[in-house]
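Student: Starting off with a structure, shown below.
Numbering (the working numbering), first residue to last: 165 to 273.
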């Protein structure tokens, strides 16, 4: 039988108990009742939303990267103030898209 090493959430006491998903466990230190629960599987709606969000942010990061490159190129070559403002807006938009995508990737780990 598999033994679990548990920590009581109330007192922090550590105990080893046999795994039985329907058994209530009592902490030997503070007498708190603990119950083992199994995690629920991810629902279909959550999975679809996550995939669509990742695809959307992926496209945003790709277009953001392109906007970032063109913004930097235009900022270096165009002397007009209006074009410089648009270049800076492209650079900022690109950076936001890239940061959103990186944040999504980091949150998935």
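Cβ coordinates follow ideal geometry from the N, Cα and C atoms, glycine included.
1) Can you tell me whether DSSP reads residue 180 as helix, strand or coil?
2) Can you have a look at residue 221 and say buried or exposed, based on whether 16 or more other CB atoms are within 10 angstroms of its CB?
3) In terms of residues, what are the limits of the beta strand (DSSP E) holding residue 189?
4) What residues are listed by DSSP as bridge partners for residue 171?
5) Is there contact between the stretch 190 to 198 and the stretch 207 to 219, where contact requires at least three CB pairs shorter than 8 Å?
6) I need the straight-line Cα distance from residue 219 to residue 181, nearest angstrom please.
7) Name the DSSP bridge partner or partners of residue 198?
8) At what residue ranges does the stretch 235 to 260 contain a whole run of the alpha helix (DSSP H), taking only runs of 4 or more?
Tutor: So, from the listed chains and residues:
1) strand
2) buried
3) 188 to 190
4) 178
5) no
6) 43 Å
7) 189
8) none
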